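**Q**
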Amino acid sequence: MAKKQIVSDADFGQIFIVTRRTVRNVTMRMKEDGLHVTTPPFRSVKALLDVIRPFRERLLKLKADVSPKPFDWDYRLEAECFRLWLEPSRLKHFTVRSAEEGVKICCPEDTDFSDKRVQTLVRNAIARALKKRAEEYLPPLVACWAERYGLSYRTVKITKARSRWGSCSSERHISLSYYLMLLPAHLMDYVILHELAHTREMNHGPRFWELLDRMTEGRALALRKELRAYRPVF
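Just so we're aligned: 61 in the working numbering is position 51 of the sequence shown, and the numbers increase by one with no gaps anywhere.
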């Protein structure tokens, strides 16, 4: 059974430690909320921190990369299938509006972007806009690809998952993150085809990759490698 604890840290804010007897090596992942560490049993937290110490500089650089960028009037999201920007409004509240060129978040003219509450309001507004667009765009795309390759599934659910782009259950229910809308179109298609391939082959064995290779014109592994370079940007 895993043991979990949280340690305050001057550099990372918080270190989330998961101790498992089945784990052989220490793994470290930098996330927005702090450093996540999975480790075999250690004599003490201090002993574990000694293991982390040589990696601190590198992890702090990763922290800068994963920390959300603050929103301001110049903020833009530009992707093949989704565009969003902020625009001043005479209204006293935040609104999301569709435009011919994309989606605009209308903010009061006197918006103080240095206020953490404002940052949260804008972030939530962007998330709602992204989810709405994903719900409109992704299910028909799944249906199109499924029909093309003669694959069947039960439902498509749009989620806010940041750690995985998609998943497929053994009952053929497909889940897709709304962050897919920020990917290049060919990688969005790859994720969908990957999950559709699981409706026939649930594991990642040779037959799965053979199927996915046929659907991606022999580019399955290259597309998987390309996808790994992307992560949610807010």
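Note that CB positions come from ideal geometry on N, CA and C, so glycine has one too.
Computed from a prediction, not measured in an experiment: that's the story for all the values here.
Can you tell me whether E157 is buried or exposed? The criterion is at least 16 other CB atoms within 10 Å of its CB, across all chains shown.
**A** Under this definition E157 is an exposed residue.
**Q** For K167 and S185, which I take to be in contact (beta-carbon distance under 8 Å), what is that distance rounded to the nearest angstrom?
**A** Right, their Cβ atoms sit about 5 Å apart.
**Q** Straight-line CA distance for P150 to F26?
**A** So the two alpha carbons sit approximately 39 Å from each other.
**Q** Give the range of the alpha helix (DSSP H) segment to which C116 is assigned.
**A** Here C116 belongs to no alpha helix (DSSP H); instead the beta strand (DSSP E) covers G112 to P118.
**Q** Taking three-plus beta-carbon pairs below 8 Å as touching, is the stretch 193 to 204 in contact with the stretch 93 to 102?
**A** The stretch 193 to 204, when compared against the stretch 93 to 102, does not touch it at the 8 Å Cβ threshold.
**Q** Let me know the secondary structure DSSP gives P194 once reduced to three states.
**A** P194 falls in the coil class under three-state DSSP.
**Q** In terms of alpha-carbon separation, which member of A153, P216 and R86 lies closest to F244?
**A** Among A153, P216 and R86, the Cα nearest to that of F244 is on R86.
**Q** I need the DSSP call for A171, collapsed to helix, strand or coil.
**A** Of the three classes helix, strand and coil, the one that applies to A171 here is coil, per DSSP.
**Q** In or out: T105 buried (at least 16 other Cβ within 10 Å) or exposed?
**A** Burial call: exposed.
**Q** Using a Cβ-Cβ cutoff of less than 6 Å, which residues in the same chain neighbour A89 once the five nearest sequence positions on both sides are dropped?
**A** Hits under 6 Å: L192.
**Q** Once the 5 residues before and after E181 are set aside, which same chain residues still bring their CB inside 8 Å of it?
**A** Closer than 8 Å at the Cβ level, and outside the excluded window around E181, lie R164.
**Q** State the CB to CB distance for the pair T48 and T37, rounded to an integer number of angstroms; the pair is presumed to be in contact (CB under 8 Å).
**A** Confirmed, Cβ separation roughly 5 Å.
**Q** Whole angstroms are fine: how far does the CA of E110 sit from the CA of R143?
**A** For R143 and E110, the distance between alpha carbons rounds to 13 Å.
**Q** Relative to the C-alpha of K73, which candidate in F52, P64 and D21 has its C-alpha closest?
**A** Measuring from the Cα of K73, the nearest candidate turns out to be D21.
**Q** Mark G176 as exposed unless 16 or more other C-beta atoms lie within 10 angstroms of its C-beta, in which case mark it buried.
**A** Label assigned to G176: buried.
**Q** If I follow the unbroken alpha helix (DSSP H) through T130, where does it start and stop?
**A** Its alpha helix (DSSP H) spans residues K126 to Y159.
**Q** Can you tell me where the alpha helix (DSSP H) with E236 in it begins and where it stops?
**A** Its alpha helix (DSSP H) spans residues A230 to L237.
**Q** Going by the beta-carbon positions, is the gap between Y147 and M225 smaller than 8 Å?
**A** No. Outside cutoff.
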